[in-house]
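Numbered as in the working numbering, the sequence shown ends at 623 without a single skipped number. I have placed the structure first, in the form of structure tokens, so that the comments after it can refer back to it.
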Amino acid sequence: MADRPALVILTGAGISAESGLPTFRGAGGLWEGHRVEEVATPGAFARDPELVLRFYDARRRALSTVEPNPAHHALARLEAVWDGPFLLVTQNVDDLHERAGSKRLLHVHGELLRARCTICGWADRWTGDLLGVACPSCGRRPALRPDVVWFEEVPIGLERIEAALARCTLFAAIGTSGQVWPAAGFVDRARRAGAHTVELNLEPTDASDRFHEHRFGPASRVVAAWVEELTARR
Ligand code: BV8
């Protein structure tokens, strides 16, 4: 019996853009006003923890004011009807995929709504500000940081992602500029496994020539149409 089709999807900031969350590298992007090294590296946190905590507190607050968009909902619908292996890997630290109903989801760069203690290792869901807050476990302050993967830190779930890519038959990258590694290399791993690869983005990226197929346009329209086609065939 032909193996069931195995799907791996990688999403980036572009899938959340129409929900109102700024991307990283577009005009008016998230890093606007900050060089990424100033706010998303362990060195930045050691040098100026207040600046970094304020940057993430502002993003966490913004998250409570936005909703998933049709692209997030389309991926949750696709997962619900997909009859083969399915893994949604997101580089995003927002919770919009969860709120749209996605379950088989992996945050390769961590989550804005989680925090951890740099002293005792405590970690848990966290929805409030972190600036000035003592660790709820060891009581030390300053000690808490956002539970996200900064540059130079090891991404989450790489073994599980590698296993999924090694057997995938269809790989889609949605709303990502393909500039951050090792996530940017997932498409190459999928191609080596023989998968068909699709890039869904507002416009061509520097990574476009590494995909077999492209669907250009806003994610809320393009992802919904792509999912419609895939589910009609099943
Ligand atoms: C690591 C979390 C060692 C926090 C982020 C080669 C191999 C390995 C590492 C490296 C390498 N070369 C360089 C490195 C180091 C570095 C790296 O990649 N540097 C780059 C800048 C050159 N990588 C690392 O440090 C990583 N760690 O390598 O550890 C290791 C490796 C393997 C095994 C063991 C050890 C850690 C990287 C993670 C950094 N953390 N964020 C936070 O969010 O604050 S990165 C950040 O960028 C976000 O996670 C974000 O998701 C990610 C990628 O950005 P995108 O999502 O693509 O967003 P962007 O704005 O760039 O693009 C948006 C896209 O959407 C655009 O294409 C746009 O056209 C499109 N779009 C816009 N609107 C729409 C749309 N599309 C559709 N519809 C729309 N409406």
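Backbone N, C-alpha and C define an ideal beta-carbon position, used for all residues, glycine too.
Item to complete: Starting from F560, trace the beta strand (DSSP E) both ways and give me its first and last residue.
Response: L559 to I563
Fill in: Between the CA atoms of E426 and A433 - distance to the nearest angstrom
6 Å
Worksheet item: Any heavy atom of the ligand BV8 closer than 7 Å to the CB of W515?
Response: no
Worksheet item: Considering only C-alpha positions, which residue in the set V455, A465, G422 and T565 is nearest to V387?
Response: In the structure as shown, the chain begins at 390 and stops at 623. Residue 387 is therefore absent and cannot be evaluated.
Practice prompt. Name the two residues that bound the continuous beta strand (DSSP E) containing E500.
Written response: G499 to C506
Item to complete: Decide if Q480 is buried, meaning its Cβ has at least 16 other Cβ atoms within 10 Å, or exposed.
Response: buried
Discussion item. Using CA atoms only, rank isn't needed, just tell me which of E542, W570 and R450 is closest to D518.
Written reply: R450
Item to complete: Can you tell me the Cβ-Cβ gap for S408 and V455, rounded? I've got them flagged as a contact below 8 Å.
Response: 5 Å
Worksheet item: With 16 as the cutoff for other CB atoms within 10 Å, does H601 come out buried or exposed?
Response: exposed
Worksheet item: To the nearest angstrom, how far is it from the Cα of P474 to the Cα of R493?
Response: 10 Å
Fill in: Cβ shell of A621 (< 6 Å), same chain only, five flanking positions each side left out
none
Worksheet item: Heavy atom of the ligand BV8 less than 7 Å from the Cβ of R443, yes or no?
Response: no
Discussion item. Any contact between the stretch 460 to 474 and the stretch 540 to 552? By contact I mean 3 or more CB pairs, one from each, below 8 Å.
Written reply: no
Worksheet item: Would DSSP call I550 helix, strand or coil?
Response: helix
Practice prompt. Tell me where the beta strand (DSSP E) around L494 begins and ends.
Written response: L494 to H496
Worksheet item: Assuming L533 and C509 make a contact with CB atoms under 8 Å, what is their CB distance in whole Å?
Response: Actually they are not in contact, since the Cβ atoms of L533 and C509 sit about 10 Å apart, beyond 8 Å.
Discussion item. Three or more C-beta pairs under 8 Å: does that hold for the stretch 555 to 568 against the stretch 580 to 588?
Written reply: yes
Practice prompt. Measure the beta-carbon distance from L501 to L452 and round it to whole angstroms, keeping in mind my assumption that it falls under 8 Å.
Written response: 6 Å
Discussion item. Below 7 Å, is the gap between the Cβ of W539 and the nearest heavy atom of the ligand BV8?
Written reply: yes
Discussion item. Is V455 close to the ligand BV8? I mean its beta-carbon at under 7 Å from any heavy atom of the ligand.
Written reply: no
Worksheet item: Ordered along the chain, which non-local residues of its own chain (more than five positions away) have a Cβ less than 7 Å from that of D446?
Response: D518, L519 and L520
Worksheet item: Which stretch, first to last residue, makes up the alpha helix (DSSP H) that contains A451?
Response: P438 to L452
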